[in-house]
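A short write-up of the structure that comes next.
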Amino acid sequence: MGFDMFDIAGSGMHAQRVKMDTISSNIANANSTRNAKGEVEVYKKKEVSFQAVYDTKFKMPELKNTQRLVTDWYSDPELRGSIRVEHEDRIAKGVMVSSVHESKQPFKQVYDPSHPDSDENGFLTLPNVNVVEEMVNLVNASKAYEANAAIANTAKTMISAALGI
4 MGFDMFDIAG SGMHAQRVKM DTISSNIANA NSTRNAKGEV EVYKKKEVSF
54 QAVYDTKFKM PELKNTQRLV TDWYSDPELR GSIRVEHEDR IAKGVMVSSV
104 HESKQPFKQV YDPSHPDSDE NGFLTLPNVN VVEEMVNLVN ASKAYEANAA
154 IANTAKTMIS AALGI
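For the numbering used here, count along the sequence shown from 1 and bump the result up by 3.
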């Protein structure tokens, strides 16, 4: 039994923590019409994308006079990218945050001519954040974080029992 389960659970916990932080930022800025400098700039909702990190045994090819470059990077066309081979000829497993990017959803327009940031027609542009949707996403991310923590605790219990501690 290896310690890969800790890598998997740890990467899942990290990914969900990033997602929870991003969602918290979205909720905190749900009505923000200005940036930190006080300039009119509507907050843009952030979204987190994950990418699976695949597990496979990978042996480095023998170096022969092939005139080809051999590196510790492996590319797979189905993955649409490269994955890094770690020590002991294995690839780290789990999940990783591939990006935190701005949402492409349109901003909300609300008629509020009394607001200082309204345009000349009285419309106020608000962030593209739906607080109810964000709260549901936050609960889901929290549950996923808890599930990964439970995996790590179960693995610890199994290893302790196996060692007779």
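The C-beta atom is built at its ideal place from N, Cα and C for all residues, glycine as well. No experiment lies behind these values; they were computed from the predicted model shown.
Val123 lies in the beta strand (DSSP E); which residues open and close that run?
-> It should be pointed out that residue 123 corresponds to Glu in this sequence rather than to Val. Run containing Glu123: none; DSSP gives neither H nor E here.
Would you mind working out which of Gly15, Asp120 and Gly167 sits nearest Pro130, comparing C-alpha positions?
-> Residue Asp120 is the option with its Cα nearest to Pro130.
Name the DSSP bridge partner or partners of Leu129?
-> Lys111
Cα separation between Gly1 and Ser28?
-> Lying before the first or after the last residue shown, residue 1 is absent from the chain, which here runs from 4 to 168.
Three-pair Cβ contact test at 8 Å for the segment 144 to 158 versus the segment 22 to 40 | yes
Measure the CB-CB distance between Ser117 and Ser52 and report whether it falls below 9 Å.
-> no
Under the assumption that Lys48 contacts Val132 (Cβ atoms under 8 Å), give the Cβ distance between them as a whole number of angstroms.
-> With a contact defined as Cβ atoms closer than 8 Å, Lys48 and Val132 qualify at about 5 Å.
With DSSP collapsed to three states, give me the class of Lys49.
-> In the displayed model, Lys49 falls within a strand according to three-state DSSP.
What residue does the alpha helix (DSSP H) around Glu149 start on, and which one ends it?
-> Val134 to Leu166
Boundaries of the beta strand (DSSP E) in which Ser102 is found, first to last residue | Going by DSSP, Ser102 is part of the beta strand (DSSP E) stretching over Gly97 to Glu105.
Just curious, the alpha helix (DSSP H) that Ser14 is in, first and last residue?
-> Asp7 to Ala31
Any idea what DSSP makes of Ala39, helix, strand or coil?
-> The three-state reading of DSSP puts Ala39 in coil, since its state is none of H, G, I, E or B.
Could you tell me which of Met99, Asn34 and Thr128 sits nearest to Tyr114, measuring between CA atoms?
-> Thr128
If we count the other Cβ atoms within 10 Å of its Cβ and call it buried at 16 or more, is Ser44 buried or exposed?
-> Ser is not the amino acid found at residue 44; the sequence shown has Glu there. So Glu44 counts as exposed.
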